[in-house]
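In the working numbering, the protein residues as written are 26 to 485.
Down below is the structure, laid out as structure tokens.
This is the structure in structure tokens:
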């Protein structure tokens, strides 16, 4: 064999090795020495977060598996600790985030799964704590709100364009490409077919997870478009008809429909009216109308779904079977969760025959992290909602208030959606990113609403 051919064979074998996940780690480390941590977050983490699958991993013996997000978040988190912690102000939410992360470790540790508990702790520190820190420290304090939202939405737009292939062909294009580098890993979630078309999941793993990311992007691109924070046209495609903001919004909205995921659709129907409160001149009256409409709509939907998912009702479709499956989850697993006590069972919780998939994040947390973990999760959610409401109510400008309502709508939509699906992959990171971000936007709003006394302005 010639040296050139041997070199090509070696490189081709290397290219199919999962260790390529560490390439972004090396890029991140080099970038942290050359540019600011804010630029690394904006130009490296966000494109990976929004455009690439994170369900493939690199694993060696005695070390936790490392996926693509963790490969970037670990050095990014270290960089934030070294350069940004001087601006950290402790809050009650910090405590609850710490409790939530601790319960991911303790639940497995007390059941004798020391290796699993250590791996869970590593994963939670990377996927929960670091996005939380980024939301709290990097975006608002550095005037990066519009730049961050634009980058996230545009990357999601590009991923949406690629994902259209899955709707028509019934195969995930991201998996088709990335799986070649991980020949020994078999991704369990295949594209589901519904109504004759593939349910789009894109780089997010499942259609429900994709739906959550897409309605986040839809709400945010409407905020950008309302304040003309996009360029009028695509710089490389000025021939396209219509404005850039309109094309992006319609694309994301259409791909959200292509997910055929009812949970995210319901979440989007809750998120959009709440976000639009920020556009009106009398937000108080509009907020009351929206709240009453959502409560009434939620009650009607709950009654209808309960009847639809009743085990006594005749089953006429696979969609009705899925609804019945989710309804039976609560009946079968709530006693299991109660038996797990305050710290839960860990990842190895007792399974009910025929119901191995827990399509409810609140139930999943109760099972794996116990009542303490579930309470911490709910306190994080309530704290974020309160912060977002403060930002929406007391923001110094209409743009700030509209942004606060947009965050509030997205978060309410997420909390509704995860009654029907687990919170995994990118939406898990998004949840903690938004929780941290909520503290920064609330800080801006309350500082404006409650100015310092004159003597403090002079002497501080």
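Using N, Cα and C, we set each Cβ at its ideal position, and we do this for glycine too.
Check whether residue i and residue j have beta carbons under 9 Å apart
i	j	result
residue 283	residue 191	yes
residue 238	residue 227	yes
residue 177	residue 301	no
residue 149	residue 125	yes
residue 265	residue 258	yes
residue 429	residue 438	no
residue 469	residue 417	no
residue 292	residue 374	no
residue 436	residue 409	yes
residue 96	residue 50	yes
residue 277	residue 242	yes
residue 199	residue 78	yes
residue 47	residue 56	no
Minimum Cβ-Cβ distance from residue i to chain D less than 9 Å
i	result
residue 326	Annotation note: the requested chain D is absent from the structure, which comprises a single protein chain.
As assigned by DSSP and simplified to three states, the class of residue i
i	result
residue 92	strand
residue 222	strand
residue 214	coil
residue 479	For residue 479, the pLDDT reaches just 42, beneath the cut-off of 50, and the residue's location in the model is therefore unreliable, although a value from the coordinates is still provided. In this structure, residue 479 counts as helix in the three-state DSSP scheme.
residue 83	strand
residue 380	strand
residue 484	The predicted position of residue 484 is uncertain, since its pLDDT is 34 and thus under 50; a value taken from the coordinates is nonetheless stated next. In the structure shown, residue 484 sits in a helix (DSSP, three-state: H, G or I).
residue 269	helix
residue 163	coil
residue 462	helix
residue 185	helix
residue 457	helix
residue 373	coil
residue 312	helix
residue 422	coil
residue 443	coil
residue 304	helix
residue 60	coil
residue 363	helix
residue 35	Note that residue 35 scores a pLDDT of 49, beneath 50, so its modelled location is shaky; the value from the coordinates is reported in the next line. Helix at residue 35.
residue 73	helix
residue 43	helix
residue 346	helix
residue 135	coil
residue 209	coil
residue 254	coil
residue 123	helix
residue 78	coil
residue 469	helix
residue 286	coil
residue 385	coil
residue 169	coil
Top-ranked residue by Cα proximity to residue i, from the options
i	options	result
residue 252	458, 303 and 456	303
residue 179	406, 271 and 466	271
residue 393	66, 368, 420 and 468	368
residue 406	85, 157, 273 and 67	157
residue 345	360, 329 and 357	329
residue 122	269, 151, 193 and 96	151
residue 379	241, 353 and 138	353
residue 169	63, 57, 181 and 197	63
residue 54	104, 118 and 200	104
residue 574	171, 347, 78 and 217	Because the chain in this structure spans residues 26 to 485, residue 574 falls outside the shown range and cannot be described.
residue 370	141, 108 and 66	141
residue 381	321, 357 and 108	357
residue 326	307, 273, 154 and 441	441
residue 467	48, 274, 114 and 68	114
residue 58	246, 101, 153 and 70	101
residue 323	307, 391, 295 and 347	295
residue 299	288, 281, 319 and 287	319
Proximal residues to residue i (C-beta, below 6 Å), its chain only, five neighbours per side dropped
i	result
residue 160	458, 461 and 462
residue 261	none
residue 214	230 and 231
residue 171	254
Cβ neighbours of residue i in the same chain (closer than 7 Å, five flanking residues each side left out)
i	result
residue 297	244 and 434
residue 219	285
residue 45	206
residue 316	none
residue 312	302
residue 456	439 and 448
residue 166	112 and 465
residue 36	Since pLDDT at residue 36 reaches only 46, below the 50 mark, its modelled position is unreliable, and no value is offered.
Neighbourhood of residue i by C-beta distance below 8 Å, restricted to the same chain and skipping five residues each side
i	result
residue 84	43, 90 and 91
residue 351	334, 384, 385 and 445
residue 196	190, 216 and 223
Problem set entry | Cβ contact (3+ pairs, closer than 8 Å) linking the stretch 443-457 and the stretch 370-389 | yes
Problem set entry | Three or more C-beta pairs below 8 Å linking the stretch 417-431 and the stretch 392-407 | no
Exercise. Any chance the stretch 127-138 sits against the stretch 175-189, with 3 or more Cβ pairs inside 8 Å?
Worked result: no
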